[in-house]
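Numbering (the numbering used here), first residue to last: 240 to 331.
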């Protein structure tokens, strides 16, 4: 399940995550704090983690709380996640 998820990320979205980022995406139980330098991929990891929870673990989106640093980042996250989930759904 996880390998397929990461294959889709890489092949269809050109998203290549390092091992620490993959660990954050695969973290399933309880909260996760993602810290990185500006441009370090925090928003990408957040989007991927949320999609992974919804698609691969059946977590209800209403039970997910994601907090980011600005309204602009939150808006980008919301739009990107919706697009990702639509495309991912078509590939199943």
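Glycine included, C-beta positions come from ideal geometry on N, C-alpha and C.
(message) Using the three-state DSSP reduction, which class does residue 242 fall into: helix, strand or coil?
(response) As a position in the chain shown, residue 242 is number 3, starting the count at 1. Residue 242: helix per DSSP, three-state reduction.
(request) Mark residue 323 as exposed unless 16 or more other C-beta atoms lie within 10 angstroms of its C-beta, in which case mark it buried. (result) Position 84 of the chain shown, counted from the first residue, corresponds to residue 323. Counting C-beta atoms within 10 angstroms of its own C-beta, residue 323 has 16 or more neighbours from the protein chains shown and is therefore classed as buried.
(request) Compare the C-alpha of residue 302 against each of 293, 310, 308 and name the closest. (result) Numbered from its first residue, the chain shown carries residue 302 at position 63. For the residues 293, 310, 308, the minimum Cα distance to residue 302 belongs to 293.
(message) Less than 6 Å separating the Cβ of residue 279 from some heavy atom of the ligand FAD?
(response) As far as ligands go, the structure on display features none, and thus does not contain the ligand FAD.
(request) Below 7 Å CB to CB, which residues in the same chain sit around residue 255 once its five sequence neighbours on both sides are set aside? (result) The count along the chain shown starts at 1 and reaches residue 255 at position 16. Here the set comprises 249.
(message) Quick check: is the beta carbon of residue 253 nearer than 7 Å to any beta carbon in chain D?
(response) Protein chains in the displayed structure number just one, and chain D is not present.
(request) Identify whether residue 277 lies in helix, strand or coil by the three-state DSSP scheme. (result) On the chain shown, residue 277 is found 38 positions in, with the first residue counted as 1. Here residue 277 carries a coil assignment [DSSP, helix/strand/coil].
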